[in-house]
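Below: the structure, in structure tokens.
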Amino acid sequence: MPPDCTSAFYEENAETYANRARSLPKQRLDAFLAGLAPGAAILELGCGGGQDSAYMLSQGFDVMPTDGSAKLARQAEILIGRPVRVMLFQELDADSAFDGVWAQASLLHVPRPELPDVFARIRRALRTGGIIHATFKAGDAEGHDGFGRYYNYPSAEWLSELLTNGGWGNIAISESDGGGYDGKPTRWLTVSAER
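Here it is as structure tokens:
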């Protein structure tokens, strides 16, 4: 996350954000998990309140939850009962350590110029054949929401080109309508790709 109002929002609203009513993206989670071997190692980038990590753990996977907000990480720890690593996406420094990376509505806060490096770090962190799941709010220009949070708002074409240039394979990008924390209608891009 950029060092702006985005980080401040999550620090100042950690408890409310973590405990909000949120529908678990169970269909997406199950599809992601179906592509992994039982007990596979998963890195969750931007775990928020920890609900997705809790579900993956309950399904027998080895999950390493992370978040850029120390206060949100503490909230997630309460829910899942294990440590959450506090780190920014740009600090990821692992080699072939994970079978999957789950980044639900988190990489959308990475400044566009930094996304190629972040995706390269994620690719390096995955084992050969490892998969990533990420979601983004669709658009064609960077901007901020009503809470002051930064979003990179990419198009499907822009993301596809970025991933192709980064050496990813089996790239799939789907679009769907939904909502977000701000309660506004949102066009979502769901990305999956393989190292």
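Take any residue in the sequence shown, note its place counting from 1, add 179, and you have its number in our numbering.
Where a beta carbon is used, it is the ideal one built from N, C-alpha and C, also for glycine.
Contacts around residue i, its chain only, beta-carbon distance under 8 angstroms, and the 5 residues preceding and following it disregarded
{"i": "D274", "result": "R303, A304"}
{"i": "R199", "result": "G228, Y360"}
{"i": "V370", "result": "I311, H312, A313, T314, F315, L338, L342, I350, A351, I352"}
{"i": "G225", "result": "T245, D246, G247, F268, A282, Q283, A284, S285, L286, H288"}
{"i": "C184", "result": "H323, F326, G327, R328, Y329"}
As assigned by DSSP and simplified to three states, the class of residue i
{"i": "N192", "result": "coil"}
{"i": "M180", "result": "Residue placement at M180 cannot be trusted, given a pLDDT of 41 that sits under 50; what the coordinates show is reported in the next sentence. It is coil, neither helix nor strand."}
{"i": "M235", "result": "helix"}
{"i": "E223", "result": "strand"}
{"i": "F277", "result": "strand"}
{"i": "E270", "result": "helix"}
{"i": "P295", "result": "helix"}
{"i": "R264", "result": "strand"}
{"i": "A187", "result": "helix"}
{"i": "A282", "result": "strand"}
Cβ separation of residue i and residue j, assumed to be a contact under 8 angstroms, to the nearest whole Å
{"i": "E321", "j": "Y332", "result": "6 angstroms"}
{"i": "Y196", "j": "L258", "result": "Contact doesn't hold; Cβ gap of about 13 angstroms is too wide."}
{"i": "A249", "j": "V265", "result": "5 angstroms"}
{"i": "Q238", "j": "L212", "result": "6 angstroms"}
{"i": "M243", "j": "E223", "result": "7 angstroms"}
{"i": "F240", "j": "G218", "result": "6 angstroms"}
Residue i: first and last residue of the uninterrupted beta strand (DSSP E) it sits in
{"i": "L368", "result": "365–373"}
{"i": "A251", "result": "According to the sequence shown, residue 251 is Leu rather than Ala. Premise fails: L251 lies in the alpha helix (DSSP H), 249–259, not in any beta strand (DSSP E)."}
{"i": "L305", "result": "305–316"}
{"i": "S353", "result": "348–357"}
{"i": "V242", "result": "241–246"}
Contacting residues, own chain, Cβ-Cβ under 7 angstroms from residue i (five flanking each side not counted)
{"i": "A299", "result": "G345"}
{"i": "G147", "result": "Past the boundaries of the shown model lies residue 147; the chain is included only from 180 to 374, so the question cannot be answered."}
{"i": "G357", "result": "T365, W367"}
{"i": "E194", "result": "Q254"}
{"i": "Y234", "result": "L203, L208"}
{"i": "E293", "result": "Q269"}
N-terminal and C-terminal residue of the alpha helix (DSSP H) that residue i is part of
{"i": "L339", "result": "What sits at residue 339 in the sequence shown is Ser, not Leu. S339 -> alpha helix (DSSP H) spans 335–344."}
{"i": "A213", "result": "205–213"}
Same chain, Cβ closer than 6 angstroms to residue i, neighbours up to 5 away in sequence not counted
{"i": "P182", "result": "Because the pLDDT at P182 is just 45, under 50, the model does not fix this residue reliably, and the value given afterwards should be weighed accordingly. Taken in chain order, the list of residues that qualify is empty."}
{"i": "G348", "result": "E373"}
{"i": "D319", "result": "S334"}
Determine contact between the stretch 269–281 and the stretch 303–316, defined as no fewer than three beta-carbon pairs at a distance below 8 angstroms. By the Cβ test, the stretch 269–281 is in contact with the stretch 303–316, since at least three Cβ pairs between them sit closer than 8 angstroms.
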